[in-house]
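A.B. asks:
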Amino acid sequence: MSLLKPFSKLPGLNTANILLVESEEQFQQSLADALVEETAVTVNVRLAKSLPLPMENEESRPRIDLVVFIINLTSELSFQSAEASLKYLDPGYFLGKVCFMVTNARKASAPTERLDAVRKLAASLHCPLLFAEDQTPDGVANATERLLTILKVSAGLVPMATALYLSNLTRCTVPPDIDQPSFD
Amino acid sequence: MAAKQNLSEPSDSDSSSLTDQSVSGRSGNRSLRVAEKERRKNEAEDPFVLALKYFSDVGAGTPVYGNDEFETNLVLVERVAYSKGLSPEAISVMLEFAMSLRMGTGPCVRVLKCLIPATIVPQEPIVRAVVWLGVGKIPISTQVLFIKWVLTVFDMIDAKDQLRAIYGFIFSFVTEENLVLRVFRVRKLLELQSKLGRQPFLLHLLSLYKVFCPELVTLSIPSRMKSGFRNYNTPWKSALIAVQKRNGSQLASSTSLPFTIKDKTSSRKRKHCHLELPVLSSLVNKQPQTELSSSRKVVPLVQLNSFAQLLENIHRIELPAQMGSLLGSSLALQYLDCVQDESALLRLNFWLGYALHEEFLFYGDGGAYQNSEEALQFLDKLLFTQHFLQEAFSSSEAFLYKFLSVWDGSLLRPQILGLLSNIPVVPSSQIGRLLFEPLMQLFFTSSLFFKCGLMECLNNMLLKWLTWHSVYALEDDLDISLNSHTSINMTLSGFKDSVMELVHFVGRLASVGLQLEGCHTLLLSFVLDFYETVCDTFLKYGLPLVVMPPPGVFYPALFSLDPVSVDRLAYIMYRYKVNLTSAKSQEKVTEQAFHISRQTFREFNHYLVVMVNCLWNSNMFRPGMGVQLGEEVLLKSNVPQYWTSFDLVHHPAFMSYAVDFHQRCWPGRKDMDLNSIKHSKPWSWYLEYLYSQGYDGDFMDTHLTSPDGPSLLFAFTAHEEQWGI
Chain B
1 MSLLKPFSKL
11 PGLNTANILL
21 VESEEQFQQS
31 LADALVEETA
41 VTVNVRLAKS
51 LPLPMENEES
61 RPRIDLVVFI
71 INLTSELSFQ
81 SAEASLKYLD
91 PGYFLGKVCF
101 MVTNARKASA
111 PTERLDAVRK
121 LAASLHCPLL
131 FAEDQTPDGV
141 ANATERLLTI
151 LKVSAGLVPM
161 ATALYLSNLT
171 RCTVPPDIDQ
181 PSFD
Chain P
1 MAAKQNLSEP
11 SDSDSSSLTD
21 QSVSGRSGNR
31 SLRVAEKERR
41 KNEAEDPFVL
51 ALKYFSDVGA
61 GTPVYGNDEF
71 ETNLVLVERV
81 AYSKGLSPEA
91 ISVMLEFAMS
101 LRMGTGPCVR
111 VLKCLIPATI
121 VPQEPIVRAV
131 VWLGVGKIPI
141 STQVLFIKWV
151 LTVFDMIDAK
161 DQLRAIYGFI
171 FSFVTEENLV
181 LRVFRVRKLL
191 ELQSKLGRQP
201 FLLHLLSLYK
211 VFCPELVTLS
221 IPSRMKSGFR
231 NYNTPWKSAL
241 IAVQKRNGSQ
251 LASSTSLPFT
261 IKDKTSSRKR
271 KHCHLELPVL
281 SSLVNKQPQT
291 ELSSSRKVVP
301 LVQLNSFAQL
311 LENIHRIELP
321 AQMGSLLGSS
331 LALQYLDCVQ
341 DESALLRLNF
351 WLGYALHEEF
361 LFYGDGGAYQ
371 NSEEALQFLD
381 KLLFTQHFLQ
391 EAFSSSEAFL
401 YKFLSVWDGS
411 LLRPQILGLL
421 SNIPVVPSSQ
431 IGRLLFEPLM
441 QLFFTSSLFF
451 KCGLMECLNN
461 MLLKWLTWHS
471 VYALEDDLDI
481 SLNSHTSINM
491 TLSGFKDSVM
501 ELVHFVGRLA
511 SVGLQLEGCH
521 TLLLSFVLDF
531 YETVCDTFLK
541 YGLPLVVMPP
551 PGVFYPALFS
561 LDPVSVDRLA
571 YIMYRYKVNL
581 TSAKSQEKVT
591 EQAFHISRQT
601 FREFNHYLVV
611 MVNCLWNSNM
621 FRPGMGVQLG
631 EEVLLKSNVP
641 QYWTSFDLVH
651 HPAFMSYAVD
661 FHQRCWPGRK
671 DMDLNSIKHS
681 KPWSWYLEYL
691 YSQGYDGDFM
701 DTHLTSPDGP
711 SLLFAFTAHE
721 EQWGI
């Protein structure tokens, strides 16, 4: 068990590294394929089912600039896995280098409580919460674009902007009345 | 339970429960009198008729428990209902019995549940029942049950002309909290809910409110609830279908209404059935009969083909059975726009809110159709309607707030941004939570093109708000009615607050957005579009409000590499000046209460000083000029005469023009000296030249016609001193 640290390694020149964590391993592959198409900077994509990451690749692993937790809202397991993985991140990551990406939020089979729980989780960690349409090519392309926007900032490739600055603008907020007693 | 016990009872009621219609239909050949006699005789012996008679005659306050006569009769009616369906007469008797609560609420619910029509439902008893609703003794669960029943059998109601007259009531029962005392009611419901626990009817109501005012019902409604809602109608539906099958009924199954679609069996068909606009059809099923009975002839919209016809019949137009069909017809929309009856808009809103919610926020499995043609066409049609009516539907507004919080920023983007720009003024207390928070997050994480799109959308939104203000502002300047149909009133100061919030919000987005995108010219252009609207709020729209752009917008535009942006900034500053001077003079003349703060004047003067010094007076980087750099840093940069580097000759945006001008002016000269343009004669030529290049009128008017001194600026500050601001 090791903590993933944001500043333990040196950054590469004109390089950004992103880690996609998804317990179901469905959406991350198509996202990764789209992410590496980026030409302006070298994007390295690392995939994981959950954290902690295995020890053996520790040396060869580049510095991770952005950790993305992909949560399928129709699956409780997906949420729990992401929640459990969070504690293997160095607190430094929560200064703008973590974001949550939620899929299937508009589905009838996704309970509202789970969305609320994800919202609360993201808000308590001051992280942005993105919604993605993983079923359509347009949706995947757009999700990729948004991740790249955040990744470039958190990798320090955008002048005059830092990860903390951006996440302060985009972090999730919880509606004040979300804490009303639920039906259950 | 009682029905099962009695199933074994031998009965001849099947033959005798034939409705009198069918009996008289068969007896066509015989003489009427004989038939009548026969029928009376039949009826007298028929236990079903006796049962009905019992229910029509039973006195109020008759006990239910231990009342065998009542039990037997009700069981009989139930059995007939589930096997054959009830005749119109039977329905009217039973409904009257149930809703009058003559024997309490217990039988009422039981009767409502077995009201399966055999053929049609007469509208009279429904109207009467709604009247009973108004008496207010019926518990809310029963009210909900009744309304659900009406919705289920809606398409089987024989004539809806009278019913239509009370749609207002019915829909206020369905959506009342959305319109009148919604906060109070929803709170009351939540209170009830916490007292009583998980009651299905409360959940249903709350789910309705959640569709309409998500901001009030934020507590989570479990998705399983949906199936509860669905099952609730299913007994009726399935019984109805069974009865219809047995009777070989000609009446088409009524699956076109959103409420009746919740059949599990048709779930595969369900996908986009909301998105197909219903066909414009008349709601009078039995046209000739109603024309005889009603003294006033009504003309269904479907029969009208031209505007002239619409005008001719405008006093007796009848709304269609399916309000959604209005969206498809511009003639119908014209009527909707001028009709005073609020229930029409209410019904349309209700239908629309439900369709939007079901299709875009609550779709079933396998949702790859979301970008499909139907969804596009539906939203395009909705947009067309809103543009046609020049106002938004409150249901689409409520839908948008919900949708924005789960939007990925690309799905149906043009349509969503289009709908968003149509929303009416949001109160300033709500605007942050409903609009700004989701939009801010989307804006900063999305691409440049999304940023530009959102800027344009917000500009359109502001334009619409201002236009509404200028159209609907009342004369006393205190109250404005923002919407011709829904009578939402807003005080002028409330409206100003909302506009100010919006302008400040866009200012924030623009400043940071420009910073993140490296002052991208395209984004800058959209931002300047927005400020072209903002700078003219007073003169063009009569709103005494002047908000200056933040430095994060002003300086990127001033130092832009693109001459068009600089030119537009100059135009905006010029319009600010015109607006401010006009507001100032008007304030002096009329001594009106509105007041533009000193801070605004100070900001404007500051910007103007910077602009004039920078572009005209070659006084860049001098102390007090806004942008300051240390002397030693500037010397280190080795830029000769650094204070001239942003004047009209040396400004990066205009340098190429200066070079071109220099070559034309002195073709023979080998060494280029741009400073020579600043001599008074070539300077005026240079200005002429810039005019000719398209940087005309407005641009130059902002400034002075000679580089000697900012006379305009001084004139303005002199005024300021004179007015003591």
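Residue numbers (the UniProt record's numbering), protein chains in the order written: chain B, 1 to 184; chain P, 1 to 725. The beta-carbon is built from N, C-alpha and C at its ideal position, and this holds for glycine as well. Values in this document were obtained by computation on a predicted structure and should not be read as measured data.
#1: Does DSSP put Leu356 of chain P in a helix, in a strand, or in coil?
#2: Are the CB atoms of Tyr88 of chain B and Pro52 of chain B nearer to each other than 7 Å?
#3: With DSSP as the reference, label Tyr363 of chain P as helix, strand or coil.
#4: Which residues mark the beginning and the end of the alpha helix (DSSP H) in which Asn579 of chain P is found?
#5: Show which residues of chain P have a CB atom less than 8 Å away from the CB atom of residue 194 of chain B.
#6: Taking one C-beta from the region 35-46 of chain B and one from the region 73-89 of chain B each time, how about it: are there three or more such pairs within less than 8 Å?
#7: Mind pulling the alpha helix (DSSP H) runs of 4 or more residues that sit fully within the region 78-162 of chain B?
#8: From the beta carbon of Ala108 of chain B, is the nearest beta carbon of chain P less than 7 Å away?
#9: Closest Cβ-Cβ distance between Ile71 of chain B and chain P: below 7 Å?
#10: So is Ile150 of chain B in contact with chain P if we call contact Cβ pairs under 7 Å?
#11: So which residues on chain P does Thr173 of chain B lean against when the C-beta distance must stay under 9 Å?
#12: Against chain C, with Cβ distances strictly below 7 Å, would Asp337 of chain P count as a contact?
#13: With H, G and I counted as helix, E and B as strand and the rest as coil, what does DSSP make of Arg63 of chain B?
#14: Once DSSP output is grouped into helix, strand and coil, what is the label at Phe69 of chain B?
#15: What do you get for Ser446 of chain P, buried or exposed, if any count of 16 or more other CB atoms within 10 angstroms of its CB means buried?
#16: If we ignore side chains and look at the alpha-carbon of each, how far apart do Val67 of chain B and Phe94 of chain B end up?
#17: Just the chain B side, please: which residues come within less than 7 Å of Leu382 of chain P by C-beta, in chain order?
#18: Would Ser23 of chain B be called buried (16 or more neighbouring beta carbons within 10 Å of its own) or exposed?
#19: Indicate whether at least one CB of chain P lies closer than 7 Å to the CB of Arg63 of chain B.
#20: Could you check how far apart the C-beta atoms of Ser100 of chain P and Trp132 of chain P are, in whole angstroms? I think they sit under 8 Å.
#21: Let me know if Lys402 of chain P comes out buried or exposed under the rule of 16 or more other beta-carbons within 10 Å of its beta-carbon.
#22: Please classify Asn142 of chain B as buried or exposed, where buried requires at least 16 neighbouring CB atoms within 10 angstroms.
#23: Out of B:Lys107, B:Glu58, B:Arg106 and B:Ala32, state which residue places its alpha-carbon closest to the alpha-carbon of Leu4 of chain B.
#24: Can you pull out the residues from the region 130-143 of chain B whose beta carbon lies closer than 7 Å to at least one beta carbon of chain P?
#25: Nearest chain B C-beta to Leu634 of chain P closer than 7 Å, yes or no?
#26: Ends of the beta strand (DSSP E) at residue 808 of chain P?
#27: Would Glu145 of chain B count as contacting chain P if we go by Cβ distances under 7 Å?
#28: At which residues does the alpha helix (DSSP H) containing Ile416 of chain P begin and terminate?
#29: Spatial neighbours of Leu502 of chain P within its chain, please: CB distance less than 8 Å, with the 5 preceding and 5 following residues excluded, ordered by chain position.
#30: Using the C-alpha atoms, what's the distance from Ile150 of chain B back to Leu166 of chain B?
#31: Pick out whichever of P:Phe384, P:Gln441 and P:Ser394 has its Cα sitting closest to the Cα of Asp408 of chain P.
#32: Does any CB atom of chain B fall closer than 7 Å to the CB of Leu411 of chain P?
#33: Does chain P have any CB closer than 7 Å to the CB of Thr170 of chain B?
#34: Since Val158 of chain B meets chain P, which of its residues come closer than 7 Å, beta carbon to beta carbon?
#35: Since Tyr363 of chain P meets chain B, which of its residues come closer than 9 Å, beta carbon to beta carbon?
#36: Check whether the Cβ of Thr521 of chain P lies closer than 7 Å to any Cβ atom in chain B.
C.D. replies: Reading it off the structure:
#1: By one-based count along the second sequence, residue 356 of chain P stands at place 356. Correct three-state label for Leu356 of chain P: helix.
#2: The residue given as residue 88 of chain B occupies position 88 in the first sequence. The residue given as residue 52 of chain B occupies position 52 in the first sequence. Contact: yes.
#3: Start at 1 with the first residue of the second sequence, and residue 363 of chain P comes out as number 363. Tyr363 of chain P falls in the strand class under three-state DSSP.
#4: On the second sequence, residue 579 of chain P is found 579 positions in, with the first residue counted as 1. Note, Asn579 of chain P: alpha helix (DSSP H), Pro563 to Thr590.
#5: What is shown of chain B runs 1 to 184, which leaves residue 194 of chain B out entirely.
#6: no
#7: 112-124 and 137-154
#8: Numbered from 1 along the first sequence, position 108 holds the residue referred to as residue 108 of chain B. Chain P contact via Cβ: present.
#9: Within the first sequence, residue 71 of chain B is the residue found at index 71, counting from 1. It does not: the Cβ of Ile71 of chain B has no partner Cβ on chain P nearer than 7 Å.
#10: Within the first sequence, numbered from 1, the residue matching residue 150 of chain B stands at position 150. At least one chain P Cβ lies under 7 Å of Ile150 of chain B.
#11: Here residue 173 of chain B is taken as the residue at index 173 of the first sequence, counted from 1. By Cβ distance, chain P contributes Arg433, Glu437 and Gln441.
#12: Absence of chain C from the displayed structure is noted, the protein chains being B and P.
#13: Locating residue 63 of chain B in the first sequence gives position 63, counting from the first residue. Coil at Arg63 of chain B, not helix or strand.
#14: Start at 1 with the first residue of the first sequence, and residue 69 of chain B comes out as number 69. Correct three-state label for Phe69 of chain B: strand.
#15: Position 446 of the second sequence, counting from 1, holds the residue named residue 446 of chain P. Buried, since its Cβ has 16 or more Cβ neighbours within 10 Å.
#16: Here residue 67 of chain B refers to the residue found at position 67 when the first sequence is read from its first residue. Here residue 94 of chain B refers to the residue found at position 94 when the first sequence is read from its first residue. C-alpha separation (whole angstroms): 10 Å.
#17: As a working mapping, residue 382 of chain P is identified with position 382 in the second sequence. None at all; the shortest Cβ gap to chain B is about 18 Å.
#18: Here the question's residue 23 of chain B lines up with position 23 in the first sequence. With 16 or more Cβ atoms within 10 Å of its Cβ, Ser23 of chain B is classed as buried.
#19: Here residue 63 of chain B is taken as the residue at index 63 of the first sequence, counted from 1. With 7 Å as the cut-off, Arg63 of chain B does not count as an interface residue toward chain P.
#20: Taking the first residue of the second sequence as position 1, residue 100 of chain P is located at position 100. Taking the first residue of the second sequence as position 1, residue 132 of chain P is located at position 132. That pair is a contact at about 6 Å.
#21: Taking the second sequence and counting its residues from 1, the one referred to as residue 402 of chain P is at position 402. The residue in question, Lys402 of chain P, is buried, as its Cβ has 16 or more Cβ neighbours within 10 Å.
#22: Position 142 of the first sequence, counted from the start, is the residue given in the question as residue 142 of chain B. It is buried - the Cβ of Asn142 of chain B has at least 16 other Cβ atoms within 10 Å.
#23: Within the first sequence, residue 4 of chain B is the residue found at index 4, counting from 1. Checking every option, the nearest Cα to that of Leu4 of chain B belongs to B:Glu58.
#24: Leu130, Phe131, Ala132, Glu133, Gln135, Thr136, Asp138, Gly139, Asn142 and Ala143
#25: Within the second sequence, the letter at position 634 stands for residue 634 of chain P. For Leu634 of chain P, the answer is no, since every Cβ of chain B falls outside 7 Å of its Cβ.
#26: Residue 808 of chain P lies beyond the range of chain P shown here (1 to 725); nothing can be said about it.
#27: Stepping through the first sequence from its first residue, residue 145 of chain B is reached at position 145. Taking Cβ atoms only, chain P reaches closer than 7 Å to Glu145 of chain B, which makes this a yes.
#28: Within the second sequence, residue 416 of chain P is the residue found at index 416, counting from 1. Ile416 of chain P -> alpha helix (DSSP H) spans Arg413 to Ser421.
#29: Stepping through the second sequence from its first residue, residue 502 of chain P is reached at position 502. The answer, listed in chain order, is Ile431, Leu458, Met461, Leu462 and Trp465.
#30: As a position in the first sequence, residue 166 of chain B is number 166, starting the count at 1. As a position in the first sequence, residue 150 of chain B is number 150, starting the count at 1. Spanning the two alpha carbons is a distance of roughly 8 Å.
#31: Here residue 408 of chain P corresponds to residue number 408 of the second sequence, with the count starting at 1. The candidate whose alpha carbon is nearest that of Asp408 of chain P is P:Gln441.
#32: What you label residue 411 of chain P is simply residue 411 of the second sequence in a count that begins at 1. It does; some Cβ of chain B falls within 7 Å.
#33: Locating residue 170 of chain B in the first sequence gives position 170, counting from the first residue. Output row for Thr170 of chain B: interface = yes.
#34: One-based indexing of the first sequence puts residue 158 of chain B at position 158. Simply Leu516.
#35: Residue numbering aside, residue 363 of chain P sits at position 363 when the second sequence is read from its first letter. Chain B residues near Tyr363 of chain P: Arg106, Lys107 and Ala108.
#36: Translated into the one-based positions of the second sequence, residue 521 of chain P becomes position 521. Judged by the 7 Å Cβ criterion, Thr521 of chain P is not in contact with chain B.
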